[in-house]
Amino acid sequence: MDLRTGPLGGAQQWEWWKTCHPGPHADTNNWLSVTPPPGTTAATARRALDLLSARHEPLRTAIEIGADRVPRQVVRPPAPVVPRVHRFVDEAGRAAFQETLRWHEFVLDTEPPFLTGLVLDPEGDRVREMMGCLPHVVVDGWSRRILIRDLTEITEALVRGREPGLPPAAQPLDVADDAGTHVAAQRFWHGQFETMPNRMFASAPDTAPVLVSADYSSALAPLVLAGVARRDRVGPSVVYLAALHALLACFSGTGRSVLRTHFSGRDSALDGVVGCFHRVLPIAVDLADSPPLSEIIRRTWTKSLRAQSRYQLDYLELAEARAAAGARRGVVFADGTTVNFAPGRDDLAGLDEAPADVPSLLALAGRPDTAQLHYFAPSDSLDEWGMDAYLQIRFRGPRMSVGTSFNAAVFTRAQMLALLGGPERLLLRYLERGDVPFADVADTAGVPDGPVADPDVAEVRGGLVRLGEVVGLLRRHEEVADARVVAETAETAQPDAPELVAYVTPAPGASRLDEAQLRDFVLARLDPVRPAACPDRFVIAPTAQQAPVPGPVPAPGPGSRALFEAIDAFGAGAGFGALNPDTSYLDAGGELTKVPAILRELADHGYSGLVPDDFLRPVPVRVLAAMVVPR
525 MDLRTGPLGG AQQWEWWKTC HPGPHADTNN WLSVTPPPGT TAATARRALD
575 LLSARHEPLR TAIEIGADRV PRQVVRPPAP VVPRVHRFVD EAGRAAFQET
625 LRWHEFVLDT EPPFLTGLVL DPEGDRVREM MGCLPHVVVD GWSRRILIRD
675 LTEITEALVR GREPGLPPAA QPLDVADDAG THVAAQRFWH GQFETMPNRM
725 FASAPDTAPV LVSADYSSAL APLVLAGVAR RDRVGPSVVY LAALHALLAC
775 FSGTGRSVLR THFSGRDSAL DGVVGCFHRV LPIAVDLADS PPLSEIIRRT
825 WTKSLRAQSR YQLDYLELAE ARAAAGARRG VVFADGTTVN FAPGRDDLAG
875 LDEAPADVPS LLALAGRPDT AQLHYFAPSD SLDEWGMDAY LQIRFRGPRM
925 SVGTSFNAAV FTRAQMLALL GGPERLLLRY LERGDVPFAD VADTAGVPDG
975 PVADPDVAEV RGGLVRLGEV VGLLRRHEEV ADARVVAETA ETAQPDAPEL
1025 VAYVTPAPGA SRLDEAQLRD FVLARLDPVR PAACPDRFVI APTAQQAPVP
1075 GPVPAPGPGS RALFEAIDAF GAGAGFGALN PDTSYLDAGG ELTKVPAILR
1125 ELADHGYSGL VPDDFLRPVP VRVLAAMVVP R
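Have a look at this one:
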């Protein structure tokens, strides 16, 4: 019998939504590894895992789709944990065993979210390592620390012959506030997305968006972070984010910067509670007036505080706010640069006493082993979300580690290296001279030459657009022979707010080509990877053979009908009755939580062609229906 059921919390929605997209998802799994004390037998290790699962509800929480097609978390009663067992022969075998656990693809509605393993000695019953893997949808990175700490404490107690004194720690099933408390957060984020750049960089058209992985560490970075944080009375994370905002503004030349920033989503009441509470929120800072670094730190601190005070918002509500702003602006928001500054309180405690005298810091900066680049190489992955960079910050002993992925179609190698080592050089100069003018940021941080003018790139509606990408989208239309796209300053527009105008040449015999059709066609094919936008105006030239005349709209095919029927089947609970195919899914009142069920229904009838994010698009459902194809 299930103990409790409840809706997904705000952070859980984000992780669950990602698992509904095609492709592998094990890269977000949380991994545990504990070396037990001497004398730990397999029976003792199994007992410790049982107690850990009984203490923390997320380790036995399934994500199920109910009869109403809405996902819920279901807490199962405690049950014995059954770990996989590997007898150690050599390190290669142990590593292979670990890989089978760590990269497991969880089926959230049919299997426990806690996969475990034991590595035994070559002979006998002694355990040399305890392993565990959990999907991100039930636990976040902060929870991983709690689980490792508790598993270690439980195992040590059992080996010493006593029962651990750790009572059950209940997890709030819905970690988001009630809908009535969301009004302020909704209003705030709707306003933010209206003015926030949807992308800061236009990726190079002739470079594949390969993700370059790097691992960098520095003994200087923690010290300068602590020194600036004490001086300006802000947190170390604010100092680091401010330095990155300054560097990104130098790279882009747009006078603005956006960073997607991880927040723990925890107050003191949740400090020791395992669950998925974190939020990733975009923080935009306006640097058009070229402020000095001190002012950039102040603005970053102010904007971060405002965002944190408005973080209690379900992820899918945030996605709807972003989609609504994108629809009005005719753009899709790219992920851009994400920063996960995720040290624990123990990691930051030592920074309070870290020395900050400038002569010592300058001497440290001159040592060859202070900064180390441990790894820098292309990976096997391609960008799928419009990612410019991802930086994960950790403190390991006296050093700060930065694990990163960079988009090779956005940043050069020199720029990547500047983003790794530039912040500490910039902050050291800040401590040495009292401030750093914006004009000196690039040279101080070792930033290579600024942005190169590209005639194919224009700033339109707050983001960068590559005109050739828009032309490429239009040329995919079967009734378009050619197109030309320009950024023009209309008489009624501001000089710095050009219109995007598409001059379209129809194919001979084109009969149904009009502006509304072209707009829907482009909006249905925008994605976060390609730096494109929907034109403000379409100028359609008549062909030499004949002028375009309205033609009959073809009847929907079987794939279209399958989508209409799937939406209708689940639509009553979404607030709309019979589907109007001329409205978008969201405008018709559709619920995003039901989208995976709609896609599953299509798949069961042999159709594909859509992913969950397509239902966020501001296009009529009939446009989505035309994208449905037999599998």
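Heads up: the sequence shown at position 431 corresponds to 955 in the working numbering, and the numbers run straight through without jumps.
Every residue gets a Cβ at the ideal spot worked out from N, C-alpha and C, and that includes glycine.
Predicted model only: the values in this text are computed from it and were never measured.
Rounded to the nearest angstrom, what separates residue 701 and residue 785 at their Cα positions?
Here the model assigns residue 701 a pLDDT of 48, short of 50, so the residue's position is not dependable, and the following value carries that caveat. Those two C-alpha atoms are separated by around 21 Å.
Any idea if residue 1141 is buried or exposed, counting beta-carbon neighbours within 10 angstroms, 16 or more meaning buried?
By the neighbour-count criterion, in which 16 or more other beta carbons inside 10 Å mark a residue as buried, residue 1141 falls on the buried side.
Report the rounded CA-to-CA distance for residue 1006 versus residue 1050, giving the unit in angstroms.
19 Å
Roughly how many whole angstroms lie between the Cα atoms of residue 529 and residue 567?
32 Å
So residue 987 packs on residue 855, CB below 8 Å; how close in whole Å?
6 Å
Do you know how far the Cα of residue 994 is from the Cα of residue 1057?
7 Å
Considering only DSSP beta bridges, list what residue 589 is partnered with.
595
Here's a check: name, in chain order, each residue in its chain whose Cβ is nearer than 6 Å to the Cβ of residue 668, leaving out the five neighbours to either side.
Answer for residue 668: 554, listed in chain order.
Closest to residue 930 by CA distance: which of 900, 718, 917 is it?
900
To the nearest angstrom, how far is the alpha carbon of residue 552 from that of residue 801?
15 Å
Counting only the same chain and skipping the five closest in sequence on each side, list residues whose C-beta sits under 7 Å from that of residue 954.
The beta carbon of residue 954 sits closer than 7 Å to the beta carbons of 752, 817, 960 from its chain, once the five residues preceding and following it are set aside; these are given in chain order.
Which residue from 693, 840, 895, 574 puts its Cα closest to that of residue 945?
895
By DSSP's criteria, residue 786 is part of a beta bridge. Which residues make up the other side?
804
Run the CB neighbour count on residue 907, radius 10 Å, all protein chains shown included, and call it buried at 16 or more, exposed below.
buried
At which residue ranges does the region 934-989 contain complete alpha helix (DSSP H) runs of 4 or more residues, listed in the order of the chain?
Counting only runs of 4 or more, we get 937-957, 962-969.
So, helix, strand or coil for residue 714, using DSSP?
helix
Name the one or two DSSP bridge partners that residue 920 has.
923
May I have the straight-line CA-CA distance separating residue 991 from residue 837, to the nearest angstrom?
If I take the Cα positions, the gap works out to 35 Å.
Just checking, does the region 915-934 make contact with the region 723-733 on the three C-beta pairs under 8 Å criterion?
yes
From the DSSP output, in three-state form, read off residue 769 for me.
helix
Can we say the region 611-623 touches the region 636-643, given the rule of at least three CB pairs closer than 8 Å?
yes
Counting only the same chain and skipping the five closest in sequence on each side, list residues whose C-beta sits under 6 Å from that of residue 810.
780
Residues bridged to residue 1012 by DSSP?
Secondary-structure assignment with DSSP links residue 1012 through a beta bridge to 1023.
Determine the burial state of residue 765: buried for a count of at least 16 other Cβ atoms within 10 Å of its Cβ, exposed for fewer.
Residue 765 comes out buried.
Candidates 939, 970, 938, 941: which alpha carbon is nearest residue 950's?
Residue nearest to residue 950 within the set 939, 970, 938, 941 is 970 (criterion: CA-CA distance).
Among 610, 1012, 1002, 1153, which has the Cα closest to the Cα of residue 1031?
1002
Taking DSSP as the reference, what is the three-state secondary structure of residue 1132?
strand
Decide if the region 909-924 is in contact with the region 732-750; the criterion is three or more beta carbon pairs, one per stretch, under 8 Å apart.
yes
Are there three or more Cβ pairs, one per stretch, closer than 8 Å when the region 1035-1042 is compared with the region 883-898?
no
For residue 770 and residue 820, which I take to be in contact (beta-carbon distance under 8 Å), what is that distance rounded to the nearest angstrom?
About 5 Å; that satisfies the 8 Å criterion.
When DSSP labels each residue in this structure, what does residue 900 get in the three-state scheme?
strand
Which one of 890, 598, 1109, 1025 has the shortest CA to CA distance from residue 1042?
1025
Starting from residue 531, follow the alpha helix (DSSP H) in both directions and report where the run begins and ends.
No alpha helix (DSSP H) contains residue 531, which is instead part of the beta strand (DSSP E) from 528-531.
Ignore the nearest five residues each way along the sequence and tell me which others in residue 1148's own chain have a CB closer than 8 Å to its CB.
1048, 1087, 1109, 1134, 1138, 1139, 1141
Anyone know if the C-beta pair for residue 660 and residue 539 falls short of 8 Å?
Contact annotation: residue 660 and residue 539 have beta-carbon atoms nearer than 8 Å.
Enumerate in chain order the residues of its own chain whose CB-to-CB distance from residue 842 is below 7 Å, with the five nearest sequence positions on each side excluded.
713
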